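>
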Amino acid sequence: MESLALPLPQSPEYARTCALLGLDLRSAEKGSKLHWQIQTRRLPILGRVGLLSRGPVSPDEAARRDWLDRWRGHHAGPLILNADGLDAPTLRRAGFWPLMTPATLAMLPLGPEPAMRAAMRQKWRNRLNRTEDTRLRITRHPLTATHWLLEAEARQAGERRYRALPPGFLVAYARANPTRALIWEARDRTTPVAAIAVLRHGRMATWQCGVALPEGRRLNAMNALVWEAMRWLAANGHDMLDLGILNSDDAPGLTHFKLGTGARLHRLGGTWLHSGALAPLARHLPQRFAA
Numbered sequence: 052m053e054s055l056a057l058p059l060p061q062s063p064e065y066a067r068t069c070a071l072l073g074l075d076l077r078s079a080e081k082g083s084k085l086h087w088q089i090q091t092r093r094l095p096i097l098g099r100v101g102l103l104s105r106g107p108v109s110p111d112e113a114a115r116r117d118w119l120d121r122w123r124g125h126h127a128g129p130l131i132l133n134a135d136g137l138d139a140p141t142l143r144r145a146g147f148w149p150l151m152t153p154a155t156l157a158m159l160p161l162g163p164e165p166a167m168r169a170a171m172r173q174k175w176r177n178r179l180n181r182t183e184d185t186r187l188r189i190t191r192h193p194l195t196a197t198h199w200l201l202e203a204e205a206r207q208a209g210e211r212r213y214r215a216l217p218p219g220f221l222v223a224y225a226r227a228n229p230t231r232a233l234i235w236e237a238r239d240r241t242t243p244v245a246a247i248a249v250l251r252h253g254r255m256a257t258w259q260c261g262v263a264l265p266e267g268r269r270l271n272a273m274n275a276l277v278w279e280a281m282r283w284l285a286a287n288g289h290d291m292l293d294l295g296i297l298n299s300d301d302a303p304g305l306t307h308f309k310l311g312t313g314a315r316l317h318r319l320g321g322t323w324l325h326s327g328a329l330a331p332l333a334r335h336l337p338q339r340f341a342a
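Numbering (this note's numbering), first residue to last: 52 to 342.
(1) Return the chain-ordered list of same chain residues with a C-beta closer than 8 Å to the C-beta of Leu336, the five sequence neighbours on each side being excluded.
(2) Taking buried to mean at least 16 other C-beta atoms within 10 Å of its own C-beta, is Trp235 buried or exposed?
(3) Entirely within the segment 291-320 and at least 3 residues each: give me those beta strand (DSSP E) ranges in chain order.
(4) Give the straight-line distance between the Cα atoms of Pro153 and Thr322, rounded to the nearest whole angstrom.
(5) Does the segment 57-73 touch the segment 116-123, meaning 3 or more C-beta pairs lie closer than 8 Å?
(6) Consult DSSP for Arg143 and reduce its assignment to one of helix, strand or coil.
(7) Starting from the Cα of Leu132, find the closest Cα among Pro217, Ala114 and Met151 and give me that residue.
(8) Taking just the CA atoms, how far does Val108 sit from Lys84?
(9) Evaluate contact between the segment 300-320 and the segment 158-177, counting only Cβ atoms and requiring at least three cross-stretch pairs below 8 Å.
(10) What are the start and end residues of the beta strand (DSSP E) that includes Met273?
(11) Among Ala134, Gln207 and Leu250, which one has its Cα closest to the Cα of Arg115?
(12) Over the uninterrupted beta strand (DSSP E) stretch that includes Asp77, give me the two end residues.
(13) My output table needs one value for Asp87: the three-state DSSP class, helix, strand or coil.
(14) Measure the C-alpha to C-alpha separation of Thr182 and Ala275 and round it to an integer number of angstroms.
(15) Decide if the segment 89-96 is in contact with the segment 243-254; the criterion is three or more beta carbon pairs, one per stretch, under 8 Å apart.
(16) Quick check on Glu236: does DSSP put it in helix, strand or coil?
(17) Exposed or buried, Asn180, counting other C-beta atoms within 10 Å across all chains shown (16 or more means buried)?
Encoded structure:
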């Protein structure tokens, strides 16, 4: 499984973080040709529920389909699946009920600097070029509980009403995975104006959060930060940067920014529920009601 590009919720780094926090997470057996991690929580009405996000992971499509018939051997009770690489007909036949329509991610390939710059949209590249004529100073730091970004991100998430991994999880990730949680910070002379946090996991990395203050936005600091992260990650063994979900309705500016990097669209398979009561109905669900 080491050669697979594992998304954050399916990575060994995520598993180590859950272990540090005392969270219940079950994983595929070592040596398996297919990778999965199921986290267990207690939810109202449903009780003990398994959560599988962005999995199972395998280069073999048949192996992913076969897993749907065997997952109950690893988890008793309902399962919520945020599918990736499984289509709606396959999930319905396995007794999964659709909960949410598929989201789309921005996935940014990493590689040689000329190729990365060439893939950028012109306006994004122009803004990046303009940062070279400013007083911006970009630095890289290990993620720590005391960095101003974490408090600013939590405040921003509350104001803009979006959900993100809590600061406590990011700090635990850094503790469980030394050198794998990093912050890139932009300063105008000595004043912080923007910062981003990136979590590293195997061949992939995830842009977890970012905050730009008004002066940082004026100076296009986020362009400079993401570019420096791209360069460093590519030089340190990563070939893909996950920029997260695209939401053109509620955050059109952020969506435009992510796509300007040269990121590619990656559509997930929707969120599904399997429970004993719903499974027979789900198998006969008309196509128009499927995710």
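By construction, the Cβ of each residue, glycine as well, lies at the ideal position given by its N, Cα and C atoms. On a predicted model such as this, the values are computed, not experimentally measured, just so you know.
Inspection of the coordinates gives the following:
(1) Numbered from 1 along the sequence shown, position 285 holds the residue referred to as residue 336. Excluding positions up to five away in sequence, the list reads Arg143, Trp148 and Pro149.
(2) In the sequence shown, the residue the question calls residue 235 occupies position 184. With 16 or more Cβ atoms within 10 Å of its Cβ, Trp235 is classed as buried.
(3) 291-296 and 315-318
(4) If you number the sequence shown from 1, residue 153 lands on position 102. If you number the sequence shown from 1, residue 322 lands on position 271. Between Pro153 and Thr322, the C-alpha separation is close to 7 Å.
(5) no
(6) Locating residue 143 in the sequence shown gives position 92, where the first residue counts as 1. Reduced to three states, the DSSP call for Arg143 is helix.
(7) Locating residue 132 in the sequence shown gives position 81, where the first residue counts as 1. Residue Met151 is the option with its Cα nearest to Leu132.
(8) On the sequence shown, position 33 is the one that residue 84 refers to. On the sequence shown, position 57 is the one that residue 108 refers to. Approximately 9 Å between the Cα atoms of the pair.
(9) yes
(10) By one-based count along the sequence shown, residue 273 stands at place 222. Unbroken run through Met273 is the alpha helix (DSSP H), Ala272 to Ala286; no beta strand (DSSP E).
(11) The count along the sequence shown starts at 1 and reaches residue 115 at position 64. The candidate whose alpha carbon is nearest that of Arg115 is Ala134.
(12) Taking the first residue of the sequence shown as position 1, residue 77 is located at position 26. The sequence shown places Arg at residue 77, rather than the Asp named in the question. Here the beta strand (DSSP E) through Arg77 covers Leu76 to Ser78.
(13) Working through the sequence shown from its first residue, we reach residue 87 at position 36. Inspection of the sequence shows that residue 87 is occupied by Trp rather than by Asp. It is coil, neither helix nor strand.
(14) Walking along the sequence shown from the start, residue 182 turns up at place 131. Walking along the sequence shown from the start, residue 275 turns up at place 224. Cα to Cα, the separation comes out at about 7 Å.
(15) no
(16) In the sequence shown, residue 236 corresponds to position 185, counting from 1. Residue state, collapsed to three classes: strand.
(17) Translated into positions along the sequence shown, residue 180 becomes position 129. Exposed.
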